[in-house]
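Reading the sequence shown from the start, the letters are residues 1 to 291 in full-length UniProt numbering. All residues carry an ideal CB built from backbone N, CA and C; glycine is no exception. Computed from a predicted model, the values in this text were never measured in an experiment.
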Amino acid sequence: KVKNYRSYLNSVAAQNFAEAIVHVIETSLINEIKLSVNWSIMINESTSIDEKHLVIASQHIAFNTSIIHYLELIKLEDCKSKSIMKTLETFIITKNLSIMNISHFGNDGALMITEQDASKTVPYFKEYETICRSLYNYFSSSYKQMLNLKIIQKTNKDPQLNFLNIINTRWLSMLNAINNLHQILDSVKDALNYDIITVENKQDKKKTEELLNNLDSNFTLITKFLANLMFILTKLINLFQRDSIIISDVQFNLNITISAITTQFIGYENITPTYRTFLHEYMDINFINST
1 KVKNYRSYLN SVAAQNFAEA IVHVIETSLI NEIKLSVNWS IMINESTSID
51 EKHLVIASQH IAFNTSIIHY LELIKLEDCK SKSIMKTLET FIITKNLSIM
101 NISHFGNDGA LMITEQDASK TVPYFKEYET ICRSLYNYFS SSYKQMLNLK
151 IIQKTNKDPQ LNFLNIINTR WLSMLNAINN LHQILDSVKD ALNYDIITVE
201 NKQDKKKTEE LLNNLDSNFT LITKFLANLM FILTKLINLF QRDSIIISDV
251 QFNLNITISA ITTQFIGYEN ITPTYRTFLH EYMDINFINS T
């Protein structure tokens, strides 16, 4: 039964009717993509406390027109890179689409796909992230402590940069946070030392001492190294922030990035790495042997 020729009163019939329409539209769309010489795929992971989904859209040519279409919303077990890529691969195979015809890969700039597992092979990196977040929370939670840091930055003639937090799913947030931190790290240490001397609460004093102890030579060295490395990676990171990605651009920028990293941090046979300014200066001042 239909009311006013617009809505079904029977929910089961309405569901069946909707599924029938969707099936016809989906089949037509998939066939359009198959007929297109090349097609692009765009994804975005949508997460909430209760559910995680992978949103898939495509761009292809039909009737001499570029068409963008939503394709699928797939529930994910988790948002780790392997799970996302496996889900995407299964979708493409199930729809009998050609991976070889994909000319662009787009995303929303959420590089969880590539970043999520990166730190697992470097145990200290997770600890480093934790320390950075603790520093951010320490200063951002207290106007007095933040003001004191700003005063010390001015006294030390450090740039008046803000202390930024690191967001897990954004490479650019890490780049900006570390770029600021390495320039004001001496002022941060001085501010913590000042708080230790002036604070009256024993518990707060202990917390500040523990935080300062974490900013050892190892932490400083890693900060300088990451500041240099992130500078090299900036162009490549920005490339992956685009709405669509051209594979040839990725290959070109990857080659440049690999060459720069090898020259500055790894070296070649009989040629020692050069390092970049921030790390090189710190190593020279502290008599750290590059070998």
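Can you list, in chain order, the residues of its chain with a C-beta nearer than 8 Å to that of residue 242? Leave out the 5 residues immediately preceding and following it. Cβ contact annotation for residue 242 (same chain, cutoff 8 Å, sequence separation greater than five): 106, in chain order.
Which residues in the same chain as residue 134 place their Cβ atom closer than 7 Å to its Cβ, once the five residues preceding and following it in sequence are excluded? Same-chain partners within the cutoff: 211.
Need the endpoints of the alpha helix (DSSP H) that residue 82 sits in, please. For residue 82, the enclosing alpha helix (DSSP H) starts and ends at 81-94.
Measure the beta-carbon distance from residue 69 to residue 29 and round it to whole angstroms, keeping in mind my assumption that it falls under 8 Å. Contact holds; Cβ gap of about 6 Å.
If you reduce the DSSP assignment to three classes, tell me which class residue 40 lands in. Note: residue 40 maps to strand in three-state DSSP.
Contacts around residue 244, its chain only, beta-carbon distance under 8 Å, and the 5 residues preceding and following it disregarded: The beta carbon of residue 244 sits closer than 8 Å to those of 40, 42, 59, 104, 105, 106, all from its chain and outside the five residues before and after it, given in chain order.
If you compare alpha carbons, which of 132, 189, 217, 192 is closest to residue 176? Comparing Cα positions, the closest option is 132.
Under the three-state DSSP convention, the category residue 55 falls into: Of the three classes helix, strand and coil, the one that applies to residue 55 here is strand, per DSSP.
Going by beta carbon distance, what residues of the same chain come within less than 7 Å of residue 72, once the five residues before and after it are set aside? So the list reads 56, 91, once near-sequence residues are dropped.
Applying the 10 Å Cβ sphere with the 16-neighbour rule, what's the burial state of residue 139? When all chains shown are included, residue 139 counts as buried.
Hey, residue 162 and residue 187 are a contact pair by Cβ (cut 8 Å); roughly how many whole angstroms apart? About 12 Å; that fails the 8 Å criterion.
Residue 281, DSSP secondary structure in three states: Residue 281 carries a helical assignment under DSSP once its states are collapsed to helix, strand and coil.
Would DSSP call residue 194 helix, strand or coil? Here residue 194 sits in helix by DSSP.
What's the gap between the Cα of residue 129 and the Cα of residue 279? Cα-Cα distance, rounded: 19 Å.
For residue 237 and residue 215, the rounded distance between their alpha carbons: About 27 Å.
Length at least 4, wholly inside the region 197-235: the alpha helix (DSSP H) runs in chain order: Counting only runs that start and end inside the region 197-235, the alpha helix (DSSP H) elements of at least 4 residues fall at 202-214.
Pick from 143, 151, 165 that is closest to residue 159, judged by C-alpha positions: Checked all of 143, 151, 165; the closest Cα to residue 159 is 151.
Residue range of the unbroken alpha helix (DSSP H) whose run includes residue 67: It is not in any alpha helix (DSSP H) - residue 67 instead sits in the beta strand (DSSP E) that spans 65-75.
Look at the alpha carbon of residue 221 and the alpha carbon of residue 229, and state the distance between them as a whole number of angstroms. The alpha-carbon separation between residue 221 and residue 229 amounts to approximately 12 Å.
With 16 as the cutoff for other CB atoms within 10 Å, does residue 274 come out buried or exposed? Under this definition residue 274 is an exposed residue.
Among 240, 235, 271, which residue has its Cα nearest to the Cα of residue 257? When the alpha-carbon of residue 257 is set against those of 240, 235, 271, the nearest one is in 235.
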